[in-house]
Each structure stands twice: as structure tokens, then as C-alpha cells.
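Enquirer: Heads up: the protein sequence lines correspond to chains A and B, in order.
For my numbering, count along the first sequence from 1 and bump the result up by 4.
For my numbering, count along the second sequence from 1 and bump the result up by 194.
Don't be surprised by glycine CBs; every beta carbon is placed ideally from N, CA and C.
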Amino acid sequence: MDRAAAGPSPFIQGQAASNIALRTPMDRGNFLTPVVSLRGAGLQFGQRALWKDLDVDIQAGEFFAVLGPNGSGKTSFLKVLLGLQQLHSGTATVAGHPVERGSRKIGYIPQQKSFAPDTPLRARDLVALGIDGHRWGLRIKANAVNERVDTLLDLVGASDYARVPVGQLSGGEQQRLRVAQALATEPELLLCDEPLLSLDLNHQQAVSSLINQQCHERNSAVVFVTHEINPVIDYVDRVLYLAGGRFRVGTPEEVMTTEVLSELYNSRVEVIRANGRIVVVGLPDATTHYHDDAHAGVEEGH
Amino acid sequence: MDLGSILHTIFNFENYGELLALVQNSIWAGAVLGLLGGLIGTFVMKRDLAFAVHGISELSFAGASFALLIGADIIFGSLAGSVAAALLLGLMGVRARDKNSIIGVIMPFGLGLGILFLALYQGRAANKFGLLTGQIVSVDTVQLQVLAGTAVVVMLALAAIWRPLSFASVDPEMAEARGVPVRGLAIAFMVLLGVSVALSIQIVGALLVLALLITPAAAALRVTTSPRLVVLLSVLFAITATVGGILLALGSRIPISPYVTTLSFLIYVVCRIIGSARAKRGINGRIVRPHAAMGQAVEDQTVAG
Numbered sequence: 005m006d007r008a009a010a011g012p013s014p015f016i017q018g019q020a021a022s023n024i025a026l027r028t029p030m031d032r033g034n035f036l037t038p039v040v041s042l043r044g045a046g047l048q049f050g051q052r053a054l055w056k057d058l059d060v061d062i063q064a065g066e067f068f069a070v071l072g073p074n075g076s077g078k079t080s081f082l083k084v085l086l087g088l089q090q091l092h093s094g095t096a097t098v099a100g101h102p103v104e105r106g107s108r109k110i111g112y113i114p115q116q117k118s119f120a121p122d123t124p125l126r127a128r129d130l131v132a133l134g135i136d137g138h139r140w141g142l143r144i145k146a147n148a149v150n151e152r153v154d155t156l157l158d159l160v161g162a163s164d165y166a167r168v169p170v171g172q173l174s175g176g177e178q179q180r181l182r183v184a185q186a187l188a189t190e191p192e193l194l195l196c197d198e199p200l201l202s203l204d205l206n207h208q209q210a211v212s213s214l215i216n217q218q219c220h221e222r223n224s225a226v227v228f229v230t231h232e233i234n235p236v237i238d239y240v241d242r243v244l245y246l247a248g249g250r251f252r253v254g255t256p257e258e259v260m261t262t263e264v265l266s267e268l269y270n271s272r273v274e275v276i277r278a279n280g281r282i283v284v285v286g287l288p289d290a291t292t293h294y295h296d297d298a299h300a301g302v303e304e305g306h
Numbered sequence: 195m196d197l198g199s200i201l202h203t204i205f206n207f208e209n210y211g212e213l214l215a216l217v218q219n220s221i222w223a224g225a226v227l228g229l230l231g232g233l234i235g236t237f238v239m240k241r242d243l244a245f246a247v248h249g250i251s252e253l254s255f256a257g258a259s260f261a262l263l264i265g266a267d268i269i270f271g272s273l274a275g276s277v278a279a280a281l282l283l284g285l286m287g288v289r290a291r292d293k294n295s296i297i298g299v300i301m302p303f304g305l306g307l308g309i310l311f312l313a314l315y316q317g318r319a320a321n322k323f324g325l326l327t328g329q330i331v332s333v334d335t336v337q338l339q340v341l342a343g344t345a346v347v348v349m350l351a352l353a354a355i356w357r358p359l360s361f362a363s364v365d366p367e368m369a370e371a372r373g374v375p376v377r378g379l380a381i382a383f384m385v386l387l388g389v390s391v392a393l394s395i396q397i398v399g400a401l402l403v404l405a406l407l408i409t410p411a412a413a414a415l416r417v418t419t420s421p422r423l424v425v426l427l428s429v430l431f432a433i434t435a436t437v438g439g440i441l442l443a444l445g446s447r448i449p450i451s452p453y454v455t456t457l458s459f460l461i462y463v464v465c466r467i468i469g470s471a472r473a474k475r476g477i478n479g480r481i482v483r484p485h486a487a488m489g490q491a492v493e494d495q496t497v498a499g
């Protein structure tokens with residue numbers, strides 16, 4: 005492990021830069037230990053490099069958005085942190101330890117996906133699975149679990165439909181339950197995989213605000229994968245933009261610009277800001293960049 | 195044969211008390227299988243494996259007929275057949291898109307093999323028929339002990355994996371993210387299912403195994419979604435069907451399977467009616483508050499990278 009030798013990333017600028025220090029093995033477990041730390045991380049499927057030489061630290065209480073077109077490795081980024089995907093190169097740690105499957109320090113919010121209407125599961129049962137669903141045997145201490153479920157449902161404002169079968173809930177209601185389920189273990193790190201997809205605007209706001217509370221009020225690090233930054237633009241501290249085998253890390257102001265995105269996409273892309281919203285015009289078909297291995301990582305040292 | 199004598203053949207309660215004493219083993223066997231079927235059935239429904247149960251039962255039938263043909267133990271033969279089928283389905287990824295075609299390929303093959311073995315078999319015809327349609331009356335004490343012992347082992351194993359298996363069955367993506375060994379559990383469950391199918395075949399026969407492993411759980415799901423209540427009702431329904439079926443079948447010369455399947459079916463119909471009546475009235479446990487109307491979408495979203 006040569007993590008201690010890895011210096012601050014040239015990509016990380018602005019407000020987060022002060023958090024990056026040369027890390028030695030001694031400061032592991034120290035409160036300054038980043039919740040997520042990637043060093044020289046690379047991911048490759050066959051000949052196609054999704055990204056490589058990625059150095060990034062994500063701190064507690066930081067809202068970190070991962071953006072990019074389909075197939076750019078956004079979801080794979082989350083899978084690496086979940087321990088479901090091996091890095092091709094480099095190292096990844098969560099809370100100072102190498103990533104492991106099923107870590108209790110991680111909460112995970114997946115894409116909204118409908119349940120069959122007769123799924124034998126009520127809202128509260130779904131949340132309860134987040135508390136002890138991974139344990140062997142039968143549930144013995146039902147009372148303790150029930151109390152915890154009530155607290156979590158209350159936290160996300162889902163108490164009114166606690167006993168409704170999940171298959172009969174709207175997508176937005178289901179995503180509130182996903183937030184409750186993910187918060188069951190009081191995670192240090194919240195991983196969100198397009199949690200707002202297919203939700204209407206009201207539910208997008210409600211769910212993203214719940215995630216923001218966990219981040220900025222209860223100090224969890226949030227990694228938020230999305231193809232659409234606007235619903236969370238007010239919350240995002242930093243952005244990782246993946247495209248065409250290249251990437252850029254920085255504040256939204258630094259990354260979401262005509263220059264940076266044009267360079268990432270290797271073609272002219274206009275970024276327009278209006279009313280605090282960001283509109284990107286002229287996105288090329290992302291698939292044309294998949295084979296662009298020669299350019300992978302050329303942004304290094306920018 | 196007029197209607198009266200047909201009815202008399204189907205429902206005959208002469209010398210009932212004496213008969214009852216003779217078939218105590220059978221009733222216990224029915225109760226054990228009802229309990230097991232009711233428990234396993236809830237997972238069969240959660241995992242959408244109804245068709246797989248059918249496929250496994252056909253291979254189990256083939257195994258049992260082969261055992262009959264070569265003079266080996268029938269229980270062992272049906273166990274071997276169904277566990278092999280279950281493992282095959284488990285390893286080939288039974289949740290995959292092509293699962294139904296795999297099962298559809300295995301099922302007629304198993305049935306064909308079974309018929310071949312039975313055709314070659316020279317012994318009593320009742321033995322042949324029993325494998326397909328069930329033979330409860332002849333359960334002896336040793337068989338009952340083997341049956342109960344195996345059922346207890348299966349239920350203990352099921353209890354040990356209950357929570358993660360539930361998680362993996364209803365919410366597989368999340369379960370995997372939480373570190374639940376989704377694939378391992380799928381295979382473990384298929385083995386338990388295989389053993390349960392083999393045991394059930396002893397009572398209701400290969401063709402009607404679905405009545406024991408699916409109908410009770412499916413009926414329970416029509417009336418409740420509380421995980422605990424589903425299990426309770428499913429077991430209750432299954433035991434009612436098996437034990438009730440045996441009690442009704444006692445005096446007649448007819449195999450027990452039509453009784454078991456009819457009871458099972460009637461329970462399902464009643465549950466279905468109750469379920470749809472509730473759905474019509476909109477009862478689903480939601481607490482409705484006045485003026486809790488949701489705001490409307492204010493603006494269209496802008497599209498951004």
C-alpha cells in the first residue's frame with residue numbers, strides 16, 4: 005500500500021483543497037480521515053477504460069455529485085465503494101479501511117424500481133430489512149426493531165403509509181422509504197444511485213432535501229450519482245464529471261463550464277446558467293467516446 | 195353409476211371411527227407436510243418460483259419411478275431427482291430471463307423419463323399410480339419418522355436463513371448492497387425446495403404438488419401483506435387442505451389428491467374474493483388525513499448534464 009505516498013490530487017481545487025493533506029498511516033482513524041479515499045483508482049471493462057488515475061477524498065458532511073453520460077462508469081463508481089466491483093488499479097478506502105461488502109458504515113439508495121403489487125412487504129417491513137435484514141436466523145427482538153422503524157419512518161415523513169404494501173406506493177413514497185432504509189445504520193457514507201429518476205418535481209425536492217439533511221445536518225458524506233444536477237444544485241459541494249474515459253473533479257462552478265465540458269466531451273458543449281440552474285447544450289452521443297482509450301486520463305495534471 | 199352412488203363413492207363415512215384409528219400416521223404425515231409446504235410456499239411466491247416447483251416435481255417423479263423400477267427406496271429416488279433438478283435450476287440462475295424456458299425444457303423430459311420407467315416396471319399398478327396422484331393411506335411409522343425428521347431439518351435450515359432469504363427474495367439489489375450472499379442463498383433455497391417437493395410427492399403425488407407448495411401461500415397473499423401473517427395463514431391453509439383432505443378421503447377408494455387440491459382451491463377462491471372486495475373499498479392501511487393534498491408540479495425541469 006502506497007497510499008501515504010500519494011500526494012494531494014491536482015484535480016481537487018477550491019474549498020475542499022484545504023482538507024487534503026499528505027496522509028500517513030498514523031492519522032488513520034483520526035477525525036480528519038476522509039470518509040472516502042481513492043488513490044490512483046482505475047476501472048476497466050475489457051479494453052475499455054471507464055476512468056483511471058482517479059485520486060479523490062470525500063469528507064464527512066460533503067455532498068459529492070457524480071455526473072456523466074450513460075456508460076461513463078458512474079454506477080460502477082458506487083459499486084466500487086459498495087465492494088461489489090473490484091478496482092482495476094489503485095486503492096479505495098471507506099472510513100479509513102479498504103472497502104468491504106455489506107459495510108454498516110454505508111447506506112445505499114438505489115434507483116426507484118417498482119415492486120410487484122402483491123409483494124408481501126409493507127412500508128415498515130422494507131425499512132426493517134435495512135436494520136437487520138442481513139442477519140441470519142429469525143427476528144427475535146421485534147420490539148427494538150419496531151421502535152427503530154417508527155423513528156426512521158417519522159424522520160422521512162412516511163408514518164402515514166407505514167402499513168401500506170410497498171407495491172401500492174407511489175415512486176416518491178418508495179424513495180422516501182429507501183432513504184429511511186439507508187439511514188437505518190446511521191451511515192457515515194450515503195451512496196445514492198440516481199435516486200430521483202422517474203420522480204415528479206415535488207418528490208425530487210422532498211427526497212433530495214432528506215438526503216441533504218443527512219449530509220449537512222448529520223454530517224454524513226454523500227455520493228450522489230445523477231445525470232441531472234439541477235435538482236440537487238443547491239446542495240452539491242463538489243462534482244466528479246466522468247465522460248469519454250476522462251474526468252474532472254471540482255466545485256460545480258469549476259466543472260460545469262463550457263471549457264471544461266467541451267474538453268471532456270472532446271467537442272463543443274455550451275453550458276448556460278439561468279436562475280441558478282445549469283443547462284448543457286449540444287451533448288454529443290456518449291457512445292462515440294467509449295473506444296477513445298487513447299485519450300483516457302489525458303486530463304491528468306490539468 | 196348414478197349421481198347418488200358417485201357421491202357415495204366420493205364421500206363415504208361408514209365405519210369412520212375405526213378407519214380414523216388406522217390412519218393416524220397418515221394424518222400426522224399430512225400435518226407435517228402442510229406445515230412444511232406452507233412455510234416453503236411463502237418463499238416460492240416471493241421468489242416467483244411456481245413454475246420451477248412444477249419442473250422439480252416432474253424430475254422428482256422420474257427419480258421415484260427409476261427407484262421403483264430398480265427396486266430401490268422410492269423416497270431416496272424422488273429426493274435425488276428433485277434435488278438434482280433444483281440445483282440445476284439454481285446454478286443456471288433461476289431468476290434469469292430464460293428461467294421459464296429452462297424449466298419448460300426440463301419438465302417434459304422428466305415426465306417422459308418417469309413414464310418410461312413406469313412402463314418398464316412390472317410390479318403393482320397401485321405403486322405406479324401413487325407416484326403421480328398420491329398415496330397417503332399406506333404411511334407406516336418408519337416412513338412417518340423419516341418424513342418428520344427430514345421436514346424438521348429443512349425447517350431448521352429455513353429458519354437459519356429466514357431473514358437474509360426474505361431480504362434477497364423481495365429486495366435483491368439492496369440485499370446485495372448490504373452484503374447478503376444473494377446467489378448462495380438462492381442455491382440453498384433451491385435445495386430446501388427440492389427436498390420439500392420430494393417429501394410432498396409422497397402424499398399428493400407429482401402432478402399435484404403445486405396444491406401444497408403454492409396455493410396456500412398464494413391464498414394468504416391475497417388477504418394480507420404482513421410478512422408474519424402471510425406465513426401463519428399459509429401454514430394454516432396448507433394444513434387444513436392436507437389434513438382435511440385425508441379426513442374426507444378416508445372412507446372412499448379414491449386417492450386423496452382430489453380432496454387436497456379441491457380444499458386448497460376453495461380456500462384460494464375465498465381469499466381472492468376477500469382480497470378483491472378489500473381492494474375495491476380501497477383499504478390498504480394508509481392513514482388518510484384531510485387536506486394532505488400534494489402540491490402540483492410547478493415548473494418543467496431544465497435539462498442539464
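Please confirm if B:Asp334 has its CB atom under 8 Å from at least one CB of chain A.
Expert: The sequence position of residue 334 of chain B within the second sequence is 140, counting from 1. Not an interface residue.
Enquirer: Does the pairing of the segment 260-280 of chain B with the segment 225-238 of chain B give three or more beta-carbon distances under 8 Å?
Expert: At 8 Å Cβ cutoff, the stretches do not touch.
Enquirer: Residues in the segment 116-128 of chain A with C-beta within 9 Å of chain B's C-beta atoms, listed in sequence order?
Expert: The segment 116-128 of chain A vs chain B, Cβ under 9 Å: Lys117, Phe119, Ala120, Asp122, Thr123, Pro124, Leu125, Arg126, Ala127.
Enquirer: Distance cutoff 8 Å, beta carbons only. Does A:Trp140 sit that close to anything in chain B?
Expert: Here residue 140 of chain A refers to the residue found at position 136 of the first sequence. Answer yes: the Cβ-Cβ gap between A:Trp140 and chain B drops below 8 Å somewhere.
Enquirer: At which residue ranges does the segment 197-285 of chain A contain complete beta strand (DSSP E) runs of 3 or more residues, listed in the order of the chain?
Expert: Within the segment 197-285 of chain A, the complete beta strand (DSSP E) runs of at least 3 residues are 225-229, 242-247, 250-254, 274-278, 281-285.
Enquirer: With a Cβ-Cβ cutoff of 8 Å, do B:Leu401 and B:Tyr315 count as a contact?
Expert: Against the second sequence, residue 401 of chain B aligns to sequence position 207. Against the second sequence, residue 315 of chain B aligns to sequence position 121. No, Cβ-Cβ distance for B:Leu401 and B:Tyr315 is not below 8 Å.
Enquirer: Measuring straight from C-alpha to C-alpha, what distance separates A:Ala225 and B:Ser254?
Expert: On the first sequence, residue 225 of chain A is found 221 positions in, with the first residue counted as 1. On the second sequence, residue 254 of chain B is found 60 positions in, with the first residue counted as 1. One C-alpha to the other measures close to 53 Å.
Enquirer: Applying the criterion that 16 or more other CB atoms from any shown protein chain within 10 Å of the CB defines a buried residue, is B:Arg422 buried or exposed?
Expert: Here the question's residue 422 of chain B lines up with position 228 in the second sequence. With fewer than 16 other Cβ atoms within 10 Å, it is exposed.
Enquirer: Please tell me whether A:Arg128 and A:Gly94 are closer than 8 Å, where the distance is taken between their beta carbons.
Expert: The residue you call residue 128 of chain A lines up with position 124 of the first sequence. The residue you call residue 94 of chain A lines up with position 90 of the first sequence. No.
Enquirer: For the 8 Å Cβ check, are there 3 or more pairs between the segment 382-395 of chain B and the segment 412-419 of chain B?
Expert: Short answer: they don't touch.
Enquirer: Using a Cβ-Cβ cut-off of less than 7 Å, give me the residues of the segment 158-178 of chain A that come near chain B, in sequence order.
Expert: Residues passing the 7 Å Cβ filter: Asp164, Tyr165, Arg167, Val168, Pro169, Gln172.
Enquirer: Give every residue of the same chain whose Cβ lies closer than 7 Å to the Cβ of A:Val240, excluding the five residues on either side of it in the sequence, and list them in chain order.
Expert: The count along the first sequence starts at 1 and reaches residue 240 of chain A at position 236. Contacts found: Phe67, Ala69, Ile233, Pro256.
Enquirer: Can you find a C-beta in chain A that's less than 8 Å from the C-beta of B:Phe237?
Expert: Mapped onto the second sequence, residue 237 of chain B falls at position 43. With 8 Å as the cut-off, B:Phe237 does not count as an interface residue toward chain A.
Enquirer: Determine the DSSP secondary structure at A:Asp61, reduced to helix, strand or coil.
Expert: For this step, residue 61 of chain A is matched to residue 57 along the first sequence. Residue state, collapsed to three classes: strand.
Enquirer: Which bits of chain A does B:Lys240 rub up against, with CB to CB less than 8 Å?
Expert: Residue numbering aside, residue 240 of chain B sits at position 46 when the second sequence is read from its first letter. The answer, in chain order, is Thr123, Pro124.
Enquirer: Check the Cβ-Cβ distances between B:Arg466 and every residue of chain A, and say whether any is below 8 Å.
Expert: By 1-based counting over the second sequence, the position of residue 466 of chain B is 272. By this cut-off, B:Arg466 is not an interface position.
Enquirer: Which residues does DSSP pair with A:Pro102 in a beta bridge?
Expert: Within the first sequence, the letter at position 98 stands for residue 102 of chain A. DSSP lists A:Thr97 as partners of A:Pro102.
Enquirer: Go through its chain and collect everything with a Cβ distance to A:Thr37's Cβ below 6 Å, but skip five positions before and after it.
Expert: Residue mapping note: residue 37 of chain A aligns to position 33 of the first sequence, counting from 1. So the list reads Gly100, once near-sequence residues are dropped.
Enquirer: In chain order, what residues of the same chain have a beta carbon less than 7 Å from the beta carbon of B:Leu230, not counting five sequence neighbours either side?
Expert: Mapped onto the second sequence, residue 230 of chain B falls at position 36. Same-chain partners within the cutoff: Ala345, Val348, Met349, Ser390, Leu393.
Enquirer: Determine the extent of the alpha helix (DSSP H) in which A:Gly111 is found, giving its start and end residues.
Expert: Residue mapping note: residue 111 of chain A aligns to position 107 of the first sequence, counting from 1. Per DSSP, A:Gly111 belongs to no alpha helix (DSSP H); it is in the beta strand (DSSP E), 110-113.
Enquirer: Distance, Cα to Cα, A:Glu274 vs B:Leu359?
Expert: Residue 274 of chain A sits at position 270 when you count from the first residue of the first sequence. Residue 359 of chain B sits at position 165 when you count from the first residue of the second sequence. Approximately 49 Å, taken between the alpha carbons.
Enquirer: Which whole-angstrom value is the C-beta distance of A:Gly111 and A:Ala162, which I expect to be below 8 Å?
Expert: As a position in the first sequence, residue 111 of chain A is number 107, starting the count at 1. As a position in the first sequence, residue 162 of chain A is number 158, starting the count at 1. Not quite, the Cβ-Cβ distance comes to about 16 Å (not below 8 Å), so this is no contact.
Enquirer: Residues of chain B with CB under 8 Å from A:Gln185, in chain order?
Expert: Counting from 1 along the first sequence, the entry for residue 185 of chain A is found at position 181. Correct list: Met368.
Enquirer: In its own chain, which residues sit with a C-beta less than 6 Å from the C-beta of A:Phe119, not counting the 5 before and 5 after it?
Expert: Here residue 119 of chain A refers to the residue found at position 115 of the first sequence. Closer than 6 Å at the Cβ level, and outside the excluded window around A:Phe119, lie Val170, Gly171.
Enquirer: Is B:Pro302 buried or exposed, if buried means 16 or more other CB atoms sit within 10 Å of its CB?
Expert: Mapped onto the second sequence, residue 302 of chain B falls at position 108. B:Pro302 comes out exposed.
Enquirer: Cβ of B:Ala354 less than 8 Å from any chain A Cβ?
Expert: Here residue 354 of chain B corresponds to residue number 160 of the second sequence, with the count starting at 1. Yes, B:Ala354 lies at the interface with chain A (some Cβ there is under 8 Å from its Cβ).
Enquirer: Would A:Leu173 pass as a contact of A:Tyr165 if the rule is Cβ separation under 8 Å?
Expert: Translated into the one-based positions of the first sequence, residue 173 of chain A becomes position 169. Translated into the one-based positions of the first sequence, residue 165 of chain A becomes position 161. Cβ atoms of A:Leu173 and A:Tyr165: closer than 8 Å.
Enquirer: Compare the C-beta of A:Pro114 against all C-beta atoms of chain B and say whether one is closer than 8 Å.
Expert: Within the first sequence, the letter at position 110 stands for residue 114 of chain A. Yes - at least one Cβ of chain B is within 8 Å of the one on A:Pro114.
Enquirer: Under 8 Å, do B:Phe260 and B:Gly249 count as touching if we go by C-beta distance?
Expert: Residue 260 of chain B sits at position 66 when you count from the first residue of the second sequence. Residue 249 of chain B sits at position 55 when you count from the first residue of the second sequence. Contact: no.
Enquirer: Following the continuous beta strand (DSSP E) through A:Ala69, name the residue where it begins and the one where it ends.
Expert: For this step, residue 69 of chain A is matched to residue 65 along the first sequence. Start and end: 67-71.
Enquirer: Is B:Gly343 buried or exposed, if buried means 16 or more other CB atoms sit within 10 Å of its CB?
Expert: Translated into the one-based positions of the second sequence, residue 343 of chain B becomes position 149. Per the 10 Å Cβ criterion, exposed.
Enquirer: Using only the heavy atoms of the ligand ZN, determine whether one of them is closer than 7 Å to the beta carbon of B:Leu423.
Expert: The ligand ZN is absent from the structure shown, which contains no ligand whatsoever.
Enquirer: Which value, in whole angstroms, describes the spacing of the CA atoms of A:Pro124 and B:Phe361?
Expert: To locate residue 124 of chain A, count along the first sequence from 1; it is residue 120. To locate residue 361 of chain B, count along the second sequence from 1; it is residue 167. Looking at the two C-alpha atoms, the distance is approximately 11 Å.
Enquirer: Would DSSP call A:Gln178 helix, strand or coil?
Expert: Counting from one through the first sequence, the residue named residue 178 of chain A turns up at place 174. The answer is helix: DSSP assigns A:Gln178 an H, G or I state.
Enquirer: Below 9 Å on C-beta distance, what does A:Arg143 contact in chain B?
Expert: Working through the first sequence from its first residue, we reach residue 143 of chain A at position 139. Neighbours of A:Arg143 on chain B, chain order: Trp356, Arg357.
Enquirer: One question on the structure: do B:Asn219 and B:Leu406 come within less than 8 Å of each other, judged by their Cβ atoms?
Expert: Position 25 of the second sequence, counting from 1, holds the residue named residue 219 of chain B. Position 212 of the second sequence, counting from 1, holds the residue named residue 406 of chain B. Cβ atoms of B:Asn219 and B:Leu406: not closer than 8 Å.
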